[in-house]
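J.:
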Amino acid sequence: VQLQASGGGSVQAGGSLRLSCAAARSLGSVGTMGWYRQAPGKQRELVATITRGLRTTYGDSAKGRFTISIANNKTTAYLQMSGLKPEDTAIYYCNVVVLGTMQAHWGQGTQVTVSS
């Protein structure tokens, strides 16, 4: 498994979850790590990304509530989600773009369910 995602689950509205994504060293050096999500019947959308230089980008739905970070070894990214809403319910996919390439790799997805 090249990308191992964990941390999904079920939570009530207003609660918090932290997702983790670990990239195998066989992928090469990480350029950007991030999270995307897909709700039933909807297109996959950006949640947040972070570069190895610590530059972050957030989707509109994540701004002010979610925080992405990356470990010092640049192989594990974390998504801290707070103030969760039912509309955050989706499968969350980890994504890695290998440094110096356009090669994108996807994790298997982790379910996040927020109940009202």
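So that you can map any letter, position 111 of the sequence shown is 104 in the numbering used here, and since no number is skipped, the others follow by simple counting. From the three backbone atoms N, C-alpha and C, an ideal C-beta is built for every residue, glycine too. These figures come from a predicted structure and were not determined experimentally.
Would T49 pass as a contact of A41 if the rule is Cβ separation under 8 Å?
T.: Closer than 8 Å, so yes.
J.: Alpha carbon to alpha carbon, how far is I84 from G102? Give it in angstroms, no decimals.
T.: Each residue's alpha carbon lies about 6 Å from the other.
J.: Indicate whether M74 and S(-1) have their beta-carbon atoms separated by less than 8 Å.
T.: Not closer than 8 Å, so no.
J.: How many angstroms separate the CA atom of F59 from the CA atom of A97?
T.: Near 23 Å, if we compare the C-alpha coordinates of A97 and F59.
J.: So, helix, strand or coil for R45, using DSSP?
T.: Three-state DSSP puts R45 in coil, outside helix and strand.
J.: Since V23 and A16 are thought to touch, with beta carbons under 8 Å apart, how far apart are those beta carbons, to the nearest angstrom?
T.: That belief holds up - the Cβ atoms of V23 and A16 are roughly 6 Å apart, short of 8 Å.
J.: For T106 and G52, I'd like the C-alpha separation in whole angstroms.
T.: The straight-line gap from Cα to Cα measures roughly 19 Å.
J.: Go ahead and pull the three-state DSSP assignment for L20.
T.: Helix, per DSSP.
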